[in-house]
Amino acid sequence: MDQNHRIEDAIVVKSLVKRFGSFTAVKGISFSVKTGEIFGLLGPNGAGKTTTISMMTTMLSHTSGSIKLFGVDALAAKDNARQMIGIVFQDPSLDDELTAWENLDFHARLYGIKNEKDEIIERVLKLVDLQDKAEKQVKTFSGGMKRRLEIARGFIHSPKVLFLDEPTLGLDPQTRRRIWDYITKLNREQGLTIILTTHYLEEADSLCNRIAIIDHGKIIKSGTPDSLKRSLGGDVVRIGVERKTELMRLLKGKPFINSVKESNEGLEISAKDGSKAIPMIAKIADRDGISISYATVKQPSLEDVFIHLTGRDIREEGADGESAWKRFRGR
Ligand SMILES: Nc1ncnc2c1ncn2[C@@H]1O[C@H](COP(=O)(O)OP(=O)(O)O)[C@@H](O)[C@H]1O
Ligand SMILES: [Mg+2]
């Protein structure tokens with residue numbers, strides 16, 4: 213056990229790097245995860261989330277840097293680390309021909325669970341409400357049921373930390389919310405520390421206590437969802453107006469406004485207090501006979517944070533991040 217290790221830190225990652233040949237997928241990232249929290253790595257496709265998680269779960273060798281799991285060097289003491297973690301992979305990894313029970317039984321044996329094996333399997337199936345489906349072949353399951361079974365499997369050896377790589381990828385919104393409920397339940401009722409990766413802003417926002425935003429192999433910002441949103445320094449005000457450039461010129465430099473930019477239908481304004489800014493903007497517009505068709509104010513979302521930090525939408529990226537970025541710039 214490391215002398216400097218703080219009890220509240222479940223995981224400490226320092227300057228972690230992964231190179232694939234001449235390409236560097238993870239460029240020296242550092243972060244820590246506190247015991248009992250749900251921590252999210254949020255980033256677009258190709259950001260390096262799976263690569264990072266794979267190193268943290270000892271599935272992939274690292275190039276340089278360090279990873280400590282409850283004070284244990286996860287890169288040196290791999291077996292020790294593996295006992296402490298459960299993993300749910302991005303790609304489904306259940307045996308479709310086997311029943312739910314058989315899938316869990318196989319996994320339990322893999323982890324050398326002998327005492328009370330059947331009771332444990334029953335318990336984890338119940339945690340994800342699949343106790344009635346134990347004897348059903350997995351190939352008859354819906355996407356959401358398969359995901360729940362994988363989460364149950366990741367938890368079977370009572371790990372201290374559960375890693376979930378894109379836990380709701382490709383699921384419909386309703387099923388996604390159900391999976392969120394199970395993840396929250398595992399965290400609250402079982403006291404499980406959870407690390408997940410996602411490119412769904414809503415998922416990171418509603419599930420995670422803290423988030424690190426990762427882009428092109430680097431963490432560009434981290435904090436609680438609220439602190440990230442507050443870091444934009446105010447509300448987002450949208451104004452519908454045709455004479456955009458004129459109004460923008462009139463508003464620039466006004467003390468109640470942080471920044472103004474043009475959007476499709478008008479202007480997008482960052483203001484310390486949006487509801488107070490709107491009447492002042494209306495008055496300025498009115499003086500020059502500029503008509504405003506609508507005005508809305510909202511608190512910034514994580515989407516606004518991502519756009520602010522990267523200059524683009526998280527969904528702009530296709531499977532091939534680089535070319536999507538070029539398409540975006542070429543527009
Ligand atoms: N085995 C590999 N060999 C070469 N490049 C890889 C390999 N695995 C991932 N990459 C590249 O590393 C980058 C990060 O990938 P990944 O970690 O899967 O991103 P994410 O999970 O955030 O979508 C991508 O550009 C991907 O193409
Ligand atoms: Mg991935």
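Once you know that position 137 of the sequence shown is 349 in my numbering, the rest is easy, because the numbers rise by one and skip nothing.
Glycine included, every Cβ here is placed at the ideal spot set by N, Cα and C.
Residues near residue i by beta carbon distance below 7 Å, same chain, minus five either side
i	result
ARG455	ILE502
ALA483	GLY446, ASP447, VAL449, PHE468, ILE469, ASN470, ALA489
ALA492	Note on identity: in this sequence residue 492 is Met, with Ala being the wrong assignment. These residues qualify, in order along the chain: PHE468.
LEU440	ILE423, LYS433, LEU514, VAL517
ASN315	LEU306, ASP307, VAL350, LEU361, ARG365
MET460	VAL472, GLU474, LEU479
LEU322	none
Distance between residue j and residue i (C-alpha atoms, nearest Å)
i	j	result
TYR389	LYS397	Correcting the residue identity first, residue 389 is Arg in this sequence and not Tyr. Answer to the nearest angstrom: the Cα atoms are 12 Å apart.
ARG231	GLY240	10 Å
GLY530	ASN257	Confidence at GLY530 is low in this model, with a pLDDT of 45, below 50, so the placement of that residue should be treated as unreliable; the coordinate-derived value is given next. Between GLY530 and ASN257, the C-alpha separation is close to 7 Å.
ALA222	PHE353	34 Å
VAL350	ASN399	26 Å
VAL238	LYS430	7 Å
ASN327	ALA293	21 Å
ASP393	GLY523	32 Å
ALA312	VAL472	55 Å
ARG360	LEU337	9 Å
THR270	GLY366	15 Å
GLY324	ARG335	17 Å
LYS246	GLU220	5 Å
GLY355	LEU310	16 Å
ILE526	GLU477	21 Å
LYS466	GLN295	58 Å
ALA320	GLU331	11 Å
GLN402	ILE391	16 Å
N-terminal and C-terminal residue of the alpha helix (DSSP H) that residue i is part of
i	result
ASN292	290-296
ASP417	413-419
TYR506	First-last for TYR506: 504-510, but that is the beta strand (DSSP E), not the alpha helix (DSSP H).
PHE243	Where PHE243 is concerned, there is no enclosing alpha helix (DSSP H), although the beta strand (DSSP E) it sits in stretches over 235-246.
VAL517	514-522
GLY366	355-366
ASP303	No alpha helix (DSSP H) contains ASP303, which DSSP labels as neither H nor E.
THR396	385-402
ILE496	486-499
THR264	261-268
Nonlocal neighbours in the same chain, by C-beta distance under 6 Å from residue i, ignoring five residues either side
i	result
LEU253	LYS261, THR409, ALA424, ILE426
ASN421	GLU249, ILE250
SER546	Limits of the chain in this structure are 213 at one end and 543 at the other, which puts residue 546 out of reach.
PRO512	LYS441, LEU444, VAL448
LYS345	ALA312
ARG543	For ARG543, the pLDDT reaches just 35, beneath the cut-off of 50, and the residue's location in the model is therefore unreliable, although a value from the coordinates is still provided. Excluding positions up to five away in sequence, the list is empty.
ILE259	A small fix is needed here, since residue 259 is Ala in this sequence, not Ile. Within the same chain, ALA259 has close Cβ partners ILE426, ASP427.
C-beta atoms of residue i and residue j nearer than 8 Å
i	j	result
PRO385	ILE297	no
THR380	TYR412	yes
ALA416	LEU306	no
ILE368	VAL300	no
LEU339	MET357	no
ILE496	LEU463	yes
ILE406	LEU383	no
LEU404	LEU374	yes
VAL225	MET268	yes
ASP500	GLU458	yes
SER227	SER244	no
Contacts around residue i, its chain only, beta-carbon distance under 8 Å, and the 5 residues preceding and following it disregarded
i	result
LEU521	ILE425, ASP427, ILE432, LYS433
LEU272	LYS230, THR263, SER266
ASP544	One cannot answer for residue 544 here, as it falls past the ends of the chain, which runs 213 to 543.
GLY255	LYS261, THR409, HIS411, ILE425, ILE426, ASP427, ILE526
N- and C-terminal bounds of the beta strand (DSSP E) containing residue i
i	result
PHE251	250-254
LEU459	No beta strand (DSSP E) holds LEU459; the alpha helix (DSSP H) holding it covers 456-463.
LEU287	Note, LEU287: premise wrong, no beta strand (DSSP E); not H, not E.
ALA222	221-232
VAL350	Premise fails: VAL350 is in no beta strand (DSSP E) and is neither H nor E.
PHE375	373-377
Supposed close pair residue i, residue j - CB separation, criterion 8 Å
i	j	result
VAL509	LEU479	VAL509 to LEU479, Cβ: 13 Å. No contact.
ALA286	ILE279	4 Å
GLN302	GLU414	Actually they are not in contact, since the Cβ atoms of GLN302 and GLU414 sit about 18 Å apart, beyond 8 Å.
ILE481	ILE451	7 Å
Chain C contact for residue i (CB, 8 Å cutoff)
i	result
MET271	Structure shown: chain C not included; a single protein chain is present.
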